[in-house]
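Asks: Structure provided below as structure tokens; questions to follow.
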Amino acid sequence: MDKKVDAYIATFKEPLRTRLSEMRKLIRRAAPQASEVFSNAMPGYVLHDSLVWFAGVEQDVALYPRGYSFKRVYAKELAGYKTIKGAILFPANTALPSKLITKIVKDRAAENQLAAQPLPAGFPEKLAVPVKRALALAKITSLEALASYSEKEILALHGVGPKELPVLRQALKKAGLGFRRET
């Protein structure tokens, strides 16, 4: 465990200090293979890539599930919680929702594991990690599968931006394929 994280948590008053310690334990249990780090003035965890971060924010514990659209994925479960850009806020004066936090962390760990796997033959190695993750989550495991999508559909995947389209187009062209045309 990172001593900087211990020191960070110690700077808070109760009950926030206890909740931050609980958050740390929940994350470590849900992703024991992740490395604990302290960066950007907050504790976080890395598993092949950024996994989750947490912080004390006023009277709340903030969980930052990096790299994906958690508000959409967990809309139902988050209905009773305040969310701000990139974070879920849990009030420090109530118990943390351990099942929800564990699920989010495990889902993020699974995404990172998936994105860390080597790309299938034909895909360019220089693809950015968010693009690799997006393709893996969409189960696009071959250039033939990629060709079944339109450019618009690929751009709609979380993590794929317009700068990546020429790279993907070139890979398809090299294989004698192309994106599906919009109808």
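The number in my numbering is simply the position in the sequence shown, starting from 1, with 20 added. Cβ coordinates follow ideal geometry from the N, Cα and C atoms, glycine included. Fair warning: this is a prediction, and the values are worked out from it, not measured in the lab.
Quick check: the Cα distance between V187 and L177, rounded to an integer number of angstroms?
Replies: As a first step, residue 187 is located in the sequence shown; it is residue number 167 there, counting from the start. As a first step, residue 177 is located in the sequence shown; it is residue number 157 there, counting from the start. In this model, V187 and L177 are separated by some 16 Å (Cα to Cα).
Asks: Run through DSSP, which three-state label would K45 get?
Replies: The sequence position of residue 45 within the sequence shown is 25, counting from 1. In this structure, K45 counts as helix in the three-state DSSP scheme.
Asks: Check whether the Cβ of P140 lies closer than 8 Å to any heavy atom of the ligand HEM, and answer yes or no.
Replies: With respect to the ligand HEM, the structure shown offers nothing to examine, as it has no ligands at all.
Asks: The alpha helix (DSSP H) that contains Y28, what's its start and end?
Replies: In the sequence shown, the residue the question calls residue 28 occupies position 8. Its alpha helix (DSSP H) spans residues 23-30.
Asks: Rounded to the nearest angstrom, what separates F199 and A165 at their Cα positions?
Replies: Numbered from its first residue, the sequence shown carries residue 199 at position 179. Numbered from its first residue, the sequence shown carries residue 165 at position 145. Approximately 10 Å between the Cα atoms of the pair.
Asks: Can you tell which of L197, G181, P138 has its C-alpha closest to the C-alpha of L163?
Replies: What you label residue 163 is simply residue 143 of the sequence shown in a count that begins at 1. Cα-wise, what sits closest to L163 is L197.
Asks: May I ask you to list the residues that DSSP assigns as paired with Y13?
Replies: Beyond the ends of the chain as shown, which are 21 and 203, falls residue 13; an answer cannot be given.
Asks: Does the beta-carbon distance from F32 to G76 come in below 9 Å?
Replies: Here the question's residue 32 lines up with position 12 in the sequence shown. Here the question's residue 76 lines up with position 56 in the sequence shown. Contact flag set, yes.
Asks: Closest to L134 by C-alpha separation, out of K91, Y169, K159, P111, would be which residue?
Replies: Looking up residue 134 in the sequence shown gives position 114. Measuring from the Cα of L134, the nearest candidate turns out to be K159.
Asks: Are the CB atoms of L155 and V180 nearer to each other than 9 Å?
Replies: As a first step, residue 155 is located in the sequence shown; it is residue number 135 there, counting from the start. As a first step, residue 180 is located in the sequence shown; it is residue number 160 there, counting from the start. A Cβ-Cβ contact shorter than 9 Å links L155 with V180.
Asks: Please work out which residues of its chain come closer than 6 Å, Cβ to Cβ, to K152, disregarding the five sequence neighbours upstream and downstream, and give them in chain order.
Replies: Taking the first residue of the sequence shown as 1, we reach residue 152 at position 132. So the qualifying residues of the chain are A135.
Asks: Helix, strand or coil for S118, going by three-state DSSP, please let me know.
Replies: Along the sequence shown, read from residue 1 onward, the residue named residue 118 stands at position 98. If DSSP states are grouped into helix, strand and coil, S118 belongs with the helices.
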